[in-house]
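Engineer:
Spelled out as structure tokens, the structure:
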């Protein structure tokens, strides 16, 4: 896929992140795309759902699996997420054998793709993921900064 | 808690693992205990649910969160699981701030507590978990071996 396609899907992930922001959630959004179509889109729902596992990526993965009917169908899919995945989500991406991970901005405190460790490309695990980082990085990063500034007020 | 308590809860996790075995699933079971009571118990449901994230630990965590109504309530809980958690489940244990992880047997191929990495005690993440390994190790390990022998037949 071309860079423009990546920006197209990341913009949808950003729309999802904006929804999380409006709900007082850490503004992270995710999209799963298969054959250039959106399969699922979701945002962080941790506070709303009282579920610390309801990260944008996990919700998008579960929705996609429900829709596609079988977990093996994600092996050609790409997951777009505005912020670098944490260890749980990186592990879920490996479990579901997603082909490509595209993320916006790094999470230097908990990122498990480049920042603290690299779970999605660990050669000892039974699946490795293609990674593209920095798509719409500034937009994704600014939304996070805006959220944490608003929290401090 | 005393060793006997740990064996009590691990035996329930083993009962769950036996249910998974009977369903043709990789036989892993999990229990979440709070104040010496069982809050949730679950087994691996990956094939049944067509969901590669439906590991025993994830299912038990979601059930416990639903039951307790708020994710912060797991901070005094112990999670018992027959096999060392993978990166996804180890990450979920950190996210939900579970106090204690007790597991039976190591997973040398994908374990993210001792075997390949240690996500639950990474000082860079915002929560670290107490770990007790090797409770009913032989029983947990033998059930896994029996399953993989039966698969090859």
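Residue numbers (the numbering used here), protein chains in the order written: chain F, 758 to 910; chain Y, 758 to 910. For every residue, glycine included, the Cβ atom is placed at its ideal position computed from N, Cα and C.
Please tell me whether, using a cut-off of 8 Å, the distance from the CB of residue 892 of chain Y to the nearest non-hydrogen atom of the ligand FMN is below it.
Structural biologist: For the structure depicted, the ligand FMN is absent and the ligand set is empty, with no information on it obtainable.
Engineer: Decide if the stretch 777-794 of chain Y is in contact with the stretch 816-826 of chain F; the criterion is three or more beta carbon pairs, one per stretch, under 8 Å apart.
Structural biologist: Segments in contact, no.
Engineer: Using the three-state DSSP reduction, which class does residue 898 of chain F fall into: helix, strand or coil?
Structural biologist: Three-state DSSP puts residue 898 of chain F in a helix.
Engineer: What's the C-alpha gap between residue 894 of chain F and residue 778 of chain F?
Structural biologist: Roughly 17 Å between the two C-alpha positions.
Engineer: Going by the CB atoms, is the gap between residue 849 of chain F and residue 887 of chain F shorter than 9 Å?
Structural biologist: No, these two residues do not count as a Cβ contact at 9 Å.
Engineer: Check the DSSP bridge columns for residue 798 of chain F and list the partner residues they point to.
Structural biologist: Looking at the DSSP assignment, residue 798 of chain F forms a beta bridge with F/788.
Engineer: Closest to residue 746 of chain F by C-alpha separation, out of F/847, F/771, F/768, F/782, would be which residue?
Structural biologist: An answer regarding residue 746 of chain F cannot be provided, because it is not within the stretch 758 to 910 covered by chain F.
Engineer: From what residue to what residue does the alpha helix (DSSP H) around residue 825 of chain Y run?
Structural biologist: Segment 813-825, the alpha helix (DSSP H) holding residue 825 of chain Y.
Engineer: Out of curiosity, what's the CA-to-CA distance linking residue 769 of chain F and residue 834 of chain F?
Structural biologist: Those two C-alpha atoms are separated by around 16 Å.
Engineer: Can you find a C-beta in chain F that's less than 9 Å from the C-beta of residue 866 of chain Y?
Structural biologist: Chain F, which has a Cβ nearer than 9 Å to the Cβ of residue 866 of chain Y, makes this yes.
Engineer: Can you give me the Cβ contacts of residue 868 of chain Y inside the same chain, cut-off strictly under 6 Å, excluding the 5 residues immediately before and after it?
Structural biologist: Within the same chain, residue 868 of chain Y has close Cβ partners 841.
Engineer: Confirm, please, whether the CB-CB distance from residue 859 of chain Y to residue 837 of chain Y is below 9 Å.
Structural biologist: Cβ atoms of residue 837 of chain Y and residue 859 of chain Y: closer than 9 Å.
Engineer: Using beta carbons (cut-off 9 Å, strictly below), is residue 854 of chain F in contact with chain Y?
Structural biologist: With 9 Å as the cut-off, residue 854 of chain F counts as an interface residue toward chain Y.
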